[in-house]
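Trainee: Chains as they are written, first to last, in my numbering: chain S, 0 to 350; chain R, 0 to 350; chain H, 0 to 350.
Beta carbons are placed, not taken as given, at the ideal position from N, Cα and C, and that holds for glycine.
The structure's right below; bear with me while I get my questions together.
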């Protein structure tokens, strides 16, 4: 709980605050908020909800045009979404963590080195020669294979699996059930069977990466599969061997990136996107949800569809597609008219 | 093993049963059944297989028109598929479960409360202040975070992960490897990096829900992500933060529902469907497999395609699409004819 | 490390080798290779990289036409990719495995029988009457349910879950986090709720199958879900109940196969492919990435698109689709011309 003035101070709101001593008990959407809660309004789209909200205070983006006479206290900020993230952090209940040290049921090899403040939960396994930095949290059932290196301040949620020889930076968060370092999917037909191509490479996860649940990031055939610093990956994403993801990318749920594809800096992949093997996506490019990208994408380009095309072209084609059944009818009628015209003309010529 | 008459009684078949004392040893499809096994026929589509089946008896839906003189005993019922489910339950071998009480290797916090008849398998972890109802089965390696509440008669298969503060109803079944309560995927670009928006909400799973394997259901940003009573979810499904799924929905494998989307009652999503964030699907609406739904869907509407459209329109457009290459040729020929007509007319006018 | 001549011998290269005593320290792509490393060139497509590579030797496919005067030692082979797999195996660091015998924290039922040389890692669970063949490796946290049979020389990576009554052949590799034997997704609406249809069947995995991470293979309704010998399955794949996959298939990441579908021998499914329930794909058929297959596929056919069509037709339609917006414009102009022609003709007739 915080008083409203404390929230205003937190957000560097300089304007005087009405009812600054109001006690704020929680955070909710305009629609769901109850008395005592604070809400937020970041776009004109939801302005109508402002008129009926039960929230006791609202954080509003500067750009929103409020046409209302309601007396609810308002904190005007540059970006209400960003402000809300700051406020939420104050109301967030702490994430439960295993106690510092090692749980009695954990199996930690003697040759592993653990930094200060490390918390190791029940049934965790830490392999030989693993190096774990400071304040790392390994929740219950996490598996760390031999010769893995982990930086400082990482948190791996229950049952995360990091196979052998992988390198992970600092402040990396990996959510429950994800698997790093499975063999890449590589075979050669030898005339009788699919012969396995050994996958002798590894995986590098740079600083400040966050990885969702049930994500698979495969080990490289040789060299590394790399996830660049600050990149965020949602649940159930597949990243093939030798993929290189640049810094600050966003990869939404169930997207798949096939082997050796390269994403530049700040690339955004929507949900269920598929990226073909060996192609390159330029810096700042965006791929709309459900698209299948079969060719290289230019920097800053926006693509959509299956196969993916520049988004404008895709929209133009979709619009034409909507008219296609009518077009078929129109062409049939044209055909009839022309046949008629020809019939009309033919006798004339004979006559 | 059951005698045929016992099966007839189970299905409330009042007609006299031929060979009622026949011993039935198992259940199989018409195609695969061997002597001693019972099979079923629910649609005219498979009627031909009835003529050649080796099954010793067949359960047949009333509506099926059997044109055969085969002497195999038949039990006529309203709905053979439903009847088969009843019979299968009698032949189902029991699912092995850990012994009642706690396995010695399980880690259960003292502040957790366990109902009567609870079975806790090896390497299970149960956090602080967890409340577990009666007859709940936690298979090997299940993780239950702090402050979770679980109703009666639930069964969680190996390695299910339920993060902190989640509420689960009664008779909920969660299959192996699923993860509930991962942080929703929410960030704000702060000019230098993707700043994490704290996800302080929770997840509510209502009564009689069944969840497949490797399913991810994310924690709400605030308030709850909710799965309505009686809803069934297949494997590898992604459910984003703040999603609300109504009662009695069916969500088929690899479907994904983006943040804050809402499904009404009895909604059906086919396999690999994608639902855009913040949209609403009305009660009883259906989405065909592989569709990508980008806009709200009316109650009882059936949509398909990418982007999803009303199914009839989608079919009409697909049919037109099939004719598109021919249409291109047809238009080229029309163009030629018209050019010819114009050429024919032009001299006339001059003349 | 190997000398170049040893690599030549390994590949049965009969031609004399330049610098045969050169010490080779590793393997890399032409682009990434450093001095001391060997690389490979399997197609003319990458021939330009040959001119600038820092590799100390290159394995080249016979068919590649090298137009270069570079003095780097070359080993000419039939198939450079296949040769590379052989060389990689020599450079592959050994996969770390639990020590032979059972880890003290593993829970193995007395009625389980373990073959010679079995390695059982920490926190593994092996159920009642399980039979495990020789030299099987069960990594940390693996769960094997009651009455499972496993052949010789299998390796299951951390946290693999094999539910009760499943049969697995020899030399089967299952990667971390996969789940075999979850109930198939089957319900019947009983008027009030989705009644669960018991799934009393099982799963059979034949010899030499490899299964990626977070793969779900469901238990049959009755009889078996079967994966044929030598088939390879990538990560995050969903295989429904009663599916039958033939021998030597390749199933790429995030593909989904719905219930009772049948794949013949040597079928290839690209990434994110969806296969409808109850359909059949003939021997040697191929499905392009992202396709949704709604109907049977002929042997050796190649299909693509959503819904999937023969690949040639699909390409023809896509090409026509690219021209659709122009076609709309063209038809509008034709319409104008015809209207003009009619107007031109009409007065004539009156005149």
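How would you list, in chain order, the residues of chain R whose beta-carbon sits under 8 Å from the beta-carbon of residue 45 of chain H?
Mentor: The residue labelled residue 45 of chain H in the question sits at position 46 within the third chain. Under the 8 Å cutoff, chain R gives no residues; its nearest Cβ is about 34 Å from residue 45 of chain H.
Trainee: Which residues, in order along the stretch 111 to 124 of chain S, keep a beta-carbon less than 7 Å from a beta-carbon of chain H?
Mentor: Going along the stretch 111 to 124 of chain S in chain order, one finds 122 and 124 with a Cβ nearer than 7 Å to chain H.
Trainee: Buried or exposed for residue 328 of chain R, going by 16 or more other Cβ atoms inside 10 Å?
Mentor: In the second chain, residue 328 of chain R corresponds to position 329, counting from 1. With fewer than 16 other Cβ atoms within 10 Å, it is exposed.
Trainee: Got a sec: is the Cβ-Cβ distance from residue 327 of chain R to anything in chain H below 8 Å?
Mentor: Position 328 of the second chain holds residue 327 of chain R. Chain H, which has a Cβ nearer than 8 Å to the Cβ of residue 327 of chain R, makes this yes.
Trainee: Which same chain residues end up closer than 8 Å to residue 246 of chain S when comparing Cβ atoms and leaving out the 5 residues on each side of it in sequence?
Mentor: In the first chain, residue 246 of chain S corresponds to position 247, counting from 1. Cβ neighbours of residue 246 of chain S beyond the five flanking positions: 205, 227, 228, 229, 230, 264 and 265.
Trainee: I need the straight-line Cα distance from residue 277 of chain S to residue 251 of chain H, nearest angstrom please.
Mentor: Reading the first chain from its first residue, position 278 is the one you call residue 277 of chain S. Reading the third chain from its first residue, position 252 is the one you call residue 251 of chain H. If you take the alpha carbons of residue 277 of chain S and residue 251 of chain H, they lie about 15 Å apart.
Trainee: Decide yes or no for the touch test of the stretch 326 to 343 of chain R against the stretch 315 to 332 of chain H: beta carbon pairs closer than 8 Å, at least 3 of them.
Mentor: Contact holds: three or more Cβ-Cβ distances are below 8 Å.
Trainee: Quick check on the DSSP output: what are the complete beta strand (DSSP E) runs of length 3 or more inside the stretch 114 to 175 of chain S, in order along the chain?
Mentor: List check, beta strand (DSSP E) in window: nothing returned.
Trainee: Select from H:296, H:295 and H:287 the residue whose C-alpha is nearest the C-alpha of residue 304 of chain H.
Mentor: Counting from 1 along the third chain, the entry for residue 304 of chain H is found at position 305. Residue H:287 is the option with its Cα nearest to residue 304 of chain H.
Trainee: Could you give the DSSP three-state label for residue 1 of chain H: helix, strand or coil?
Mentor: Locating residue 1 of chain H in the third chain gives position 2, counting from the first residue. Of the three classes helix, strand and coil, the one that applies to residue 1 of chain H here is strand, per DSSP.
Trainee: Given this structure, state the Cα-to-Cα distance separating residue 99 of chain S from residue 138 of chain S, to the nearest angstrom.
Mentor: Mapped onto the first chain, residue 99 of chain S falls at position 100. Mapped onto the first chain, residue 138 of chain S falls at position 139. Spanning the two alpha carbons is a distance of roughly 11 Å.
Trainee: Might you give, ordered along the chain, the residues of its own chain that have their beta carbon closer than 6 Å to the beta carbon of residue 158 of chain S, omitting 5 neighbours on each side?
Mentor: To locate residue 158 of chain S, count along the first chain from 1; it is residue 159. Excluding sequence neighbours, residue 158 of chain S sits near 140, 175 and 176.
Trainee: Output, in chain order, the set of chain B residues within a Cβ distance shorter than 8 Å of residue 320 of chain H.
Mentor: In the structure shown, chain B cannot be found, because the protein chains are S, R and H.
Trainee: Near residue 97 of chain R, what residues of its chain come up, given a Cβ to Cβ distance below 6 Å and the 5 sequence neighbours on each side ignored?
Mentor: Here residue 97 of chain R is taken as the residue at index 98 of the second chain, counted from 1. Counting only Cβ-Cβ distances below 6 Å, and skipping sequence neighbours, we find 118 and 120.
Trainee: Please tell me whether residue 349 of chain S has its Cβ less than 8 Å away from any Cβ of chain H.
Mentor: As a first step, residue 349 of chain S is located in the first chain; it is residue number 350 there, counting from the start. Residue confidence is low: residue 349 of chain S scores 48 on pLDDT, short of 50, so the model does not pin down where it sits. No coordinate-derived value is stated.
Trainee: For residue 68 of chain H, which of helix, strand or coil comes out of DSSP?
Mentor: Walking along the third chain from the start, residue 68 of chain H turns up at place 69. Here residue 68 of chain H sits in coil by DSSP.
Trainee: What is the DSSP secondary structure of residue 249 of chain S, counted as helix, strand or coil?
Mentor: The count along the first chain starts at 1 and reaches residue 249 of chain S at position 250. Residue 249 of chain S: strand per DSSP, three-state reduction.
Trainee: Could you confirm whether any beta carbon from chain S is found closer than 8 Å to the beta carbon of residue 178 of chain R?
Mentor: Counting from 1 along the second chain, the entry for residue 178 of chain R is found at position 179. Closer than 8 Å to some Cβ of chain S, the Cβ of residue 178 of chain R qualifies, so yes.
Trainee: Rounded to whole angstroms, what is the Cα-Cα separation between residue 326 of chain S and residue 319 of chain R?
Mentor: Mapped onto the first chain, residue 326 of chain S falls at position 327. Mapped onto the second chain, residue 319 of chain R falls at position 320. About 9 Å.
Trainee: Does residue 163 of chain S come within less than 8 Å of chain H when only Cβ atoms are used?
Mentor: The count along the first chain starts at 1 and reaches residue 163 of chain S at position 164. Closer than 8 Å: yes.
Trainee: By Cβ distance below 6 Å, which residues in the same chain neighbour residue 127 of chain S in space, the five residues on each side in sequence not counted?
Mentor: The residue you call residue 127 of chain S lines up with position 128 of the first chain. Contacts found: 108, 110 and 145.
Trainee: Closest Cβ-Cβ distance between residue 222 of chain S and chain R: below 8 Å?
Mentor: If you number the first chain from 1, residue 222 of chain S lands on position 223. Not closer than 8 Å to any Cβ of chain R, the Cβ of residue 222 of chain S fails to qualify, so no.
Trainee: Can you list, in chain order, the residues of its chain with a C-beta nearer than 6 Å to that of residue 233 of chain H? Leave out the 5 residues immediately preceding and following it.
Mentor: Taking the third chain and counting its residues from 1, one reaches residue 233 of chain H at position 234. Answer for residue 233 of chain H: 211, 251 and 252, listed in chain order.
Trainee: Is residue 138 of chain R close to the ligand FMN? I mean its beta-carbon at under 7 Å from any heavy atom of the ligand.
Mentor: Within the structure as shown, the ligand FMN is missing, as the structure has no ligands at all.
Trainee: Going by the CB atoms, is the gap between residue 239 of chain R and residue 184 of chain R shorter than 8 Å?
Mentor: Translated into positions along the second chain, residue 184 of chain R becomes position 185. Translated into positions along the second chain, residue 239 of chain R becomes position 240. Yes, the pair counts as a contact, with Cβ atoms nearer than the cut-off.
Trainee: Across which residues does DSSP place residue 45 of chain S in a beta bridge pair?
Mentor: Taking the first chain and counting its residues from 1, one reaches residue 45 of chain S at position 46. DSSP lists no partner for residue 45 of chain S.
Trainee: Could you tell me whether the Cβ of residue 175 of chain S comes closer than 8 Å to any Cβ of chain R?
Mentor: Indexing the first chain from 1 puts residue 175 of chain S at position 176. Yes, because at least one Cβ of chain R sits closer than 8 Å to the Cβ of residue 175 of chain S.
Trainee: What is the rounded straight-line gap between the Cα of residue 223 of chain S and the Cα of residue 38 of chain H?
Mentor: On the first chain, position 224 is the one that residue 223 of chain S refers to. On the third chain, position 39 is the one that residue 38 of chain H refers to. Approximately 16 Å, taken between the alpha carbons.
Trainee: Could you name the residues of chain S that residue 64 of chain R contacts, counting a contact when the two beta carbons are closer than 9 Å?
Mentor: Position 65 of the second chain holds residue 64 of chain R. Neighbours of residue 64 of chain R on chain S: none; closest Cβ ~37 Å, over 9 Å.
Trainee: Taking the C-alpha atoms as reference points, what is the distance between residue 290 of chain H and residue 300 of chain H?
Mentor: On the third chain, residue 290 of chain H is found 291 positions in, with the first residue counted as 1. On the third chain, residue 300 of chain H is found 301 positions in, with the first residue counted as 1. Near 14 Å, if we compare the C-alpha coordinates of residue 300 of chain H and residue 290 of chain H.
Trainee: Rounded to whole angstroms, how far is the Cβ of residue 181 of chain S from the Cβ of residue 167 of chain S, which I believe are closer than 8 Å?
Mentor: Counted from its first residue, the first chain places residue 181 of chain S at position 182. Counted from its first residue, the first chain places residue 167 of chain S at position 168. Not confirmed; about 16 Å, so no contact.
Trainee: Taking Cβ-Cβ distances below 8 Å as the criterion, which residues of the stretch 328 to 343 of chain H are in contact with chain R?
Mentor: The stretch 328 to 343 of chain H vs chain R, Cβ under 8 Å: 329, 330, 333, 336, 337, 340 and 343.
Trainee: Output yes if chain S places a C-beta closer than 8 Å to the C-beta of residue 134 of chain H; else output no.
Mentor: As a first step, residue 134 of chain H must be located in the third chain, where it is residue number 135. False, the Cβ-Cβ gap to chain S never drops below 8 Å.
Trainee: Compare the beta carbon distance of residue 24 of chain S and residue 0 of chain S with 8 Å and say whether it is the shorter of the two.
Mentor: In the first chain, counting from the first residue as 1, residue 24 of chain S sits at position 25. In the first chain, counting from the first residue as 1, residue 0 of chain S sits at position 1. Cβ distance < 8 Å, so residue 24 of chain S and residue 0 of chain S count as in contact.
Trainee: Three Cβ pairs or more, each shorter than 8 Å: is that satisfied between the stretch 71 to 78 of chain H and the stretch 4 to 12 of chain H?
Mentor: These segments touch.
Trainee: Can you tell me whether residue 320 of chain R is helix, strand or coil according to DSSP?
Mentor: As a first step, residue 320 of chain R is located in the second chain; it is residue number 321 there, counting from the start. In this structure, residue 320 of chain R counts as helix in the three-state DSSP scheme.
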